[in-house]
Structures are given as C-alpha cells and as structure tokens.
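In full-length UniProt numbering, the protein residues as written are 1 to 270. Structure first, then comments.
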Amino acid sequence: MKITYVEFPEGLTAEGSDWEDIRKKIASERPDVLVTNEMPFGKWLSASNNFDAQCAEESISAHHIGINALKELNIPLILSSRPIKCEDILANEAFALVNGEYSFAHQKHYFPEETGFYETSWFRTEKKGFDVFKSENLAVGFLLCTEVMFNEWARSYRYQGAQLIVVPRATEQSFEKWKTAASMAAIVSGCYVVSSNRVGKINDHLVFGGKGFAFAPDGSFISETSTNNPIVSFELDLELVKKQQKQYPCYVRETFISQCLPERSVTIQD
Numbered sequence: 001m002k003i004t005y006v007e008f009p010e011g012l013t014a015e016g017s018d019w020e021d022i023r024k025k026i027a028s029e030r031p032d033v034l035v036t037n038e039m040p041f042g043k044w045l046s047a048s049n050n051f052d053a054q055c056a057e058e059s060i061s062a063h064h065i066g067i068n069a070l071k072e073l074n075i076p077l078i079l080s081s082r083p084i085k086c087e088d089i090l091a092n093e094a095f096a097l098v099n100g101e102y103s104f105a106h107q108k109h110y111f112p113e114e115t116g117f118y119e120t121s122w123f124r125t126e127k128k129g130f131d132v133f134k135s136e137n138l139a140v141g142f143l144l145c146t147e148v149m150f151n152e153w154a155r156s157y158r159y160q161g162a163q164l165i166v167v168p169r170a171t172e173q174s175f176e177k178w179k180t181a182a183s184m185a186a187i188v189s190g191c192y193v194v195s196s197n198r199v200g201k202i203n204d205h206l207v208f209g210g211k212g213f214a215f216a217p218d219g220s221f222i223s224e225t226s227t228n229n230p231i232v233s234f235e236l237d238l239e240l241v242k243k244q245q246k247q248y249p250c251y252v253r254e255t256f257i258s259q260c261l262p263e264r265s266v267t268i269q270d
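Below, the structure is given as structure tokens:
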C-alpha cells in the first residue's frame with residue numbers, strides 16, 4: 001500500500017499552474033493513500049488574533065473547491081482537514097475521501113494561542129472524541145497538529161486497532177520537537193505516523209517550514225519532504241504494524257481506566 005505525503009505552499013488554491021504541477025506530481029506517484037497538511041487550501045486564518053467572518057467564509061469556500069479538486073485525483077483514500085462552521089466561529093474537521101466520497105473523521109480538540117497561532121480565537125470543538133476511522137483496507141487515527149504532543153491519544157488509537165496515525169500540520173521552521181512527538185506516537189502505538197506540513201512566509205513573524213515526515217511503527221525515521229522534493233511516497237507494511245504492536249511498549253497493559261483509553265481494553269489491578 002503506497003502512501004504519499006507533502007509540503008503544500010501557503011495560500012494554495014485548487015487552480016492555476018501551482019496546483020497543476022502538484023496534481024501531476026501526485027499522479028505520477030500513483031498512491032493508494034494521500035495525506036495533506038492541515039487545512040491545505042487558502043490563507044492561514046489563525047495568524048490574526050481576531051476572528052473575521054469574511055475570512056472564515058473565504059477559507060470554507062477555498063476548501064470546498066479544493067476538496068472537489070482532491071476528488072479528481074482519483075486516489076482511493078485521501079486524508080486531510082478543513083474549516084467548517086461551528087456556532088459563531090469554526091471547527092477544524094479532519095475527513096477522509098474514500099474513492100471520492102466524503103466521510104467525517106475527527107475534529108481538532110487542542111488549540112494553541114500565541115503569535116501566528118491564535119487558534120482559540122477561531123476554532124472550537126463541536127464533535128468530541130478520538131475515534132479510529134476505518135476504510136476497507138486501513139484503520140486510521142487523526143492527530144491534528146498540536147494533538148500529536150499528547151501521545152496518550154496515539155496509545156488510545158492503538159487500542160482501537162489503528163495501523164496508521166496521520167498528523168496534518170501547520171508548523172514553523174523549527175521541527176525537531178514535532179519529529180520527537182511523532183516518533184513517540186509511533187513507539188507507543190506501533191502505528192506508522194505520517195505528517196504533512198505547509199510551507200511559505202506569512203510575515204516576518206511567521207514562516208511555515210515544510211518538512212513533512214514519516215516514522216515507522218517502531219519509531220524509526222523513514223523519510224521527509226524538502227524544497228526540492230515536496231511530495232514523497234513509501235510503502236506501508238501492515239504486517240510490520242501487526243508485529244510491532246506485540247512488542248514493547250505496545251503490549252504493556254494499562255493499570256487504570258483513563259478517559260483516553262477504551263474501557264474494554266484496560267486491566268484493573270487490585
């Protein structure tokens with residue numbers, strides 16, 4: 001099963017020469033699975049600490065057009081996220097396109113609030129939970145950007161039968177902590193962990209750093225994107241996932257019931 005991940009440019013639109021180049025490159029990879037960055041189309045909303053209804057509508061529209069363009073790639077499984085209306089602001093909704101059909105997967109729960117990333121001003125969570133999304137051939141858990149820093153959810157996904165954890169990101173040029181978090185998510189879950197990012201300058205205070213990356217089920221580094229190679233692919237070995245999830249620390253039983261872990265999967269000790 002071939003998976004492709006990316007670094008897409010800031011402000012991407014699903015038209016014009018940039019999108020055509022991306023479309024051709026992805027098509028040449030012939031992937032079974034495509035992972036995009038977090039909310040890949042249009043401008044990054046959270047650079048401003050003030051919610052703007054017009055900008056929100058523009059982003060929703062850009063993603064509506066973008067999702068239709070993603071469907072035209074004719075890839076069996078596409079994993080991404082988009083902004084949707086949620087009360088008076090937005091929710092960041094992870095979704096899967098399964099043979100072109102849209103399916104809800106997850107909504108982002110953890111939001112930073114700092115320069116360039118004023119997400120609590122723009123987003124809230126309407127649908128709560130960290131539940132595995134299951135397609136015909138693959139069980140997937142979403143950790144949207146900041147969520148990968150809380151790897152109890154990676155372990156929860158392992159208990160739910162996940163084989164792949166995807167981390168659509170929008171992060172700056174410093175990326176070592178993100179690699180560390182992704183590696184740990186793989187180690188505690190026994191899943192492949194694959195992350196895509198955006199790249200480009202918003203202003204002097206915010207430059208997205210690209211560097212999509214992938215980690216094996218044992219936490220070892222596989223590959224990453226770069227300026228010269230913004231679209232990267234590799235083969236998922238699901239037998240490797242099955243073997244790794246029987247190894248340390250994946251087999252270690254829980255000693256208490258946590259809100260993160262399905263109750264059926266834990267052991268209570270007297």
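Positions of the beta carbon are idealized from the N, C-alpha and C atoms, including for glycine.
Looking only at DSSP bridge pairs, what is residue 2 linked to? The partner list for residue 2 (beta bridge, DSSP) reads 235.
Limits of the alpha helix (DSSP H) - the one that residue 69 falls within: Taken as a continuous stretch (DSSP letters only), the alpha helix (DSSP H) holding residue 69 covers 53-71.
Using only CA atoms, which one of 247, 106, 97, 10 lies nearest to residue 37? For residue 37, the closest C-alpha among the options 247, 106, 97, 10 is that of 10.
Option nearest residue 25 by Cα separation, candidates 4, 149, 40: With distances taken between CA atoms, residue 25 lies nearest to 4 out of 4, 149, 40.
Taking Cβ positions, are residue 142 and residue 183 nearer each other than 8 angstroms? In this structure, residue 183 does not lie closer than 8 angstroms to residue 142 by Cβ.
Beta carbon of residue 182: closer than 7 angstroms to some heavy atom of the ligand ZN? With respect to small molecules bound, the structure shown includes none, and the ligand ZN cannot be examined in it.
What residue range is occupied by the uninterrupted beta strand (DSSP E) comprising residue 154? It is not in any beta strand (DSSP E) - residue 154 instead sits in the alpha helix (DSSP H) that spans 152-159.
Spatial neighbours of residue 19 in its chain, beta-carbon cut-off 8 angstroms, leaving aside the 5 residues before and after: So the qualifying residues of the chain are 12, 13, 69.
Classify residue 109: buried if its beta carbon has 16 or more other beta carbons within 10 angstroms, exposed otherwise. Result: buried.
Neighbourhood of residue 208 by C-beta, 6 angstroms cutoff - its chain only, sequence neighbours within 5 removed: Taking C-beta separations shorter than 6 angstroms and ignoring five residues to either side along the sequence, the partners of residue 208 in its chain run 10, 198, 199, 200, following chain order.
Using the three-state DSSP reduction, which class does residue 223 fall into: helix, strand or coil? DSSP, read as helix, strand or coil, puts residue 223 in strand.
Have a look at residue 161 and residue 59 and give me their C-alpha separation to the nearest angstrom. Taking the straight line from one Cα to the other gives about 33 angstroms.
When you compare only the Cα positions, how much space is there between residue 83 and residue 172? Between the C-alpha atoms of residue 83 and residue 172 there is a straight-line separation of about 20 angstroms.
The beta strand (DSSP E) with residue 141 in it runs from where to where? Under the DSSP assignment, residue 141 falls in the beta strand (DSSP E) whose first and last residues are 139-142.
Using DSSP with H/G/I as helix, E/B as strand and the rest coil, what is residue 98? Of the three classes helix, strand and coil, the one that applies to residue 98 here is strand, per DSSP.
Buried or exposed: residue 181, going by 16 or more other Cβ atoms within 10 Å of its Cβ? Under this definition residue 181 is a buried residue.
For the putative contact between residue 189 and residue 157, defined by C-beta atoms under 8 angstroms, what is the C-beta separation to the nearest angstrom? Confirmed, Cβ separation roughly 6 angstroms.
Can you tell which of 105, 251, 234 has its C-alpha closest to the C-alpha of residue 225? Closest option to residue 225, Cα to Cα, is 234.
Can you tell me whether residue 186 is buried or exposed, with buried defined as 16 or more other CB within 10 angstroms of its CB? It counts as buried.
Can you tell me which of the three DSSP states residue 80 falls into? It is a strand residue.
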